[in-house]
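Student: Before we start, here is the structure in question, set down as structure tokens.
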Amino acid sequence: MVIRYRQRILYRCICPVKEASETMNVILMMTTVPDTTIAEKLSTEILAARLAACATQLGAVRSSFHWQGKIESADEVQVLFKTSVARAQELEQFILSHHPYDTPEILSWQAIASAAYGQWVHAETQRPIHV
């Protein structure tokens, strides 16, 4: 892979700056679910609706948290979804409405992706066209 840089002079330093066209913004959204069966079901439904281009089960974790006045612990599975900026809100609403927890963990952040990966995420999360 060839990375092209342009040069910019700041305070007599030469600093490489990546071309804007070489990257794209994507949204990473993570949630935890009780087990791999639910992780697989949620991932399959989200991918089928094209709300995410990819779902990665990050594996089993042990979570400790405050819940209803007590400190609880639970074994869970983390799932990381990669989606476009345009579909992030819909993805969050889908997770909220299909999640088995009353108060699901939903964390999201914007990330800079390579142009090719970002374009793939964007293309795979387009709304289906009905003719």
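All the letters of the sequence shown, read from the start, carry residue numbers 12 to 142 under our numbering. Virtual Cβ for every residue (Gly too), placed ideally from N, Cα, C.
Hey, could you find the ends of the beta strand (DSSP E) residue 39 is sitting in?
Tutor: Translated into positions along the sequence shown, residue 39 becomes position 28. Its beta strand (DSSP E) spans residues 34-44.
Student: Residues in its own chain within less than 6 Å of residue 47 by CB, not counting five upstream and five downstream?
Tutor: On the sequence shown, residue 47 is found 36 positions in, with the first residue counted as 1. Counting only Cβ-Cβ distances below 6 Å, and skipping sequence neighbours, we find 88.
Student: Contact defined as beta carbons within less than 8 Å: I believe residue 90 pairs with residue 66. What is the distance between those atoms, to the nearest angstrom?
Tutor: Within the sequence shown, residue 90 is the residue found at index 79, counting from 1. Within the sequence shown, residue 66 is the residue found at index 55, counting from 1. That pair is a contact at about 6 Å.
Student: Identify, in the order they occur along the chain, each residue of the same chain with its Cβ nearer than 6 Å to the Cβ of residue 85, setting aside the five sequence neighbours on each side.
Tutor: Here residue 85 refers to the residue found at position 74 of the sequence shown. Taken in chain order, the residues that qualify are 74.
Student: Counting C-beta neighbours from all protein chains within 10 Å, is the total for residue 138 16 or more, i.e. buried, or is it exposed?
Tutor: For the purposes of this step, residue 138 is taken as the residue at position 127 of the sequence shown. Exposed, by the Cβ-count rule.
Student: Alpha helix (DSSP H) containing residue 70: first to last residue?
Tutor: As a position in the sequence shown, residue 70 is number 59, starting the count at 1. Taken as a continuous stretch (DSSP letters only), residue 70 belongs to no alpha helix (DSSP H), being part of the beta strand (DSSP E) at 65-78.
Student: How many whole angstroms separate the CB atoms of residue 110 and residue 35, which I take to be in contact at a CB cut-off of 8 Å?
Tutor: The sequence position of residue 110 within the sequence shown is 99, counting from 1. The sequence position of residue 35 within the sequence shown is 24, counting from 1. The pair is not a contact, with the Cβ atoms about 28 Å apart (cut-off 8 Å).
Student: How is residue 54 classed by DSSP in three states: helix, strand or coil?
Tutor: Counted from its first residue, the sequence shown places residue 54 at position 43. Here residue 54 sits in helix by DSSP.
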